[in-house]
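Novice: Numbering (the numbering used here), first residue to last: 2 to 191. Sending over a structure as structure tokens; questions will come in a sec.
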Amino acid sequence: MNANRHLFLTGEPQAGKTTLINRLLARHPGWAVKGFCTYMECTPGHEAIVTVYIAPITPCDWYRKEEALAGIRLVSRREAFPGAFDRVGARILRESVGADLVIMDELGFLENEALAFQQTVLETLQGETPVLGVIKPTSTPFLDLVRGYPHVHILAVNPDDREDQYLKASRFVAAAVQYYQASQHIITHK
Numbered sequence: 002m003n004a005n006r007h008l009f010l011t012g013e014p015q016a017g018k019t020t021l022i023n024r025l026l027a028r029h030p031g032w033a034v035k036g037f038c039t040y041m042e043c044t045p046g047h048e049a050i051v052t053v054y055i056a057p058i059t060p061c062d063w064y065r066k067e068e069a070l071a072g073i074r075l076v077s078r079r080e081a082f083p084g085a086f087d088r089v090g091a092r093i094l095r096e097s098v099g100a101d102l103v104i105m106d107e108l109g110f111l112e113n114e115a116l117a118f119q120q121t122v123l124e125t126l127q128g129e130t131p132v133l134g135v136i137k138p139t140s141t142p143f144l145d146l147v148r149g150y151p152h153v154h155i156l157a158v159n160p161d162d163r164e165d166q167y168l169k170a171s172r173f174v175a176a177a178v179q180y181y182q183a184s185q186h187i188i189t190h191k
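Structure (structure tokens):
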């Protein structure tokens, strides 16, 4: 069993975490990659509205954006929709079987009440498939549990050291995927 298989990047907004993941994936186009990303859309107005969605990183037939609204940020408040994580996010992770690498971009506080999603994240981390993710530098019971989970390593990224951290992350993830692929090859050829 590979003790070094899951890597979560952390850091302040705009530190380059998602960019690092995208660079790493572009460098390894042969990997079978599944998982989720979250993304924001801004609606300008007197009170700027930012909507947050969860989506699969690879296209799938069943995904509907209107069912994936995970949160809304207004100037004065934030509102989370845990059902989107429980329905859409958990399904994305359950359907990541057969991947060489699972992406979780990102885990944060919007999932605080999404218990089915949290359980699916933990089940994924219990598996052998390597995970590359982003985790907010915030303390919540769920995020703290993920940080302390077996085989999870945390790598802080900031604009001043992101190139060095990219090299570290690239080596870590490439080794984890290579180990996983080799172990799957052995299993399928027994």
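Even for Gly, the Cβ is constructed at its ideal location relative to N, Cα and C. Computed from a predicted model, the values in this text were never measured in an experiment.
Hey, which unbroken runs of the beta strand (DSSP E) at 3 residues or more fall wholly within the region 106-143?
Specialist: 132-136
Novice: Rounding to the nearest angstrom, what Cα-Cα distance links L26 and P142 in this structure?
Specialist: 30 Å
Novice: Can at least three beta-carbon pairs, one atom from the region 8-16 and one from the region 58-78, be found at a separation below 8 Å?
Specialist: no
Novice: Only counting the same chain, and skipping five residues up and downstream in sequence, which positions put a Cβ closer than 7 Å to that of P151?
Specialist: none
Novice: Take the Cβ of K18 as the centre, count every other Cβ of all protein chains shown within 10 Å, and call the residue buried at 16 or more, exposed below.
Specialist: buried
Novice: Using a 10 Å radius around the Cβ and a threshold of 16 neighbouring Cβ atoms, would you call Y167 buried or exposed?
Specialist: Burial call: buried.
Novice: Do V53 and L111 count as a contact pair if the criterion is CB distance below 8 Å?
Specialist: yes
Novice: Can you give the Cα-Cα distance for S97 and D161, rounded to whole angstroms?
Specialist: Taking the straight line joining both Cα atoms gives about 33 Å.
Novice: Taking V76 as the reference, give the member of D165, Y180 and I50 with the closest Cα.
Specialist: I50
Novice: I need the boundaries of the beta strand (DSSP E) containing L156, first residue and last residue.
Specialist: V153 to A157
Novice: Considering only the beta carbon of each residue, do T39 and I55 sit closer than 8 Å?
Specialist: It is a contact, given that the beta carbons lie within the stated cut-off.
Novice: In three-state terms, what does DSSP make of K191?
Specialist: Because the pLDDT of K191 is 49, which lies under 50, any placement of that residue in the model is unreliable, and the question is left without a value.
Novice: How about A177 and R28: do their beta carbons lie closer than 8 Å?
Specialist: no
Novice: Give the DSSP bridge partners of C43, in chain order.
Specialist: V51
Novice: Look at the Cβ atom of A33, then the Cβ atom of G99, and state whether they are nearer than 8 Å.
Specialist: yes
Novice: What's the call for A157, buried or exposed, on a 16-neighbour Cβ count within 10 Å?
Specialist: Exposed is the call here.
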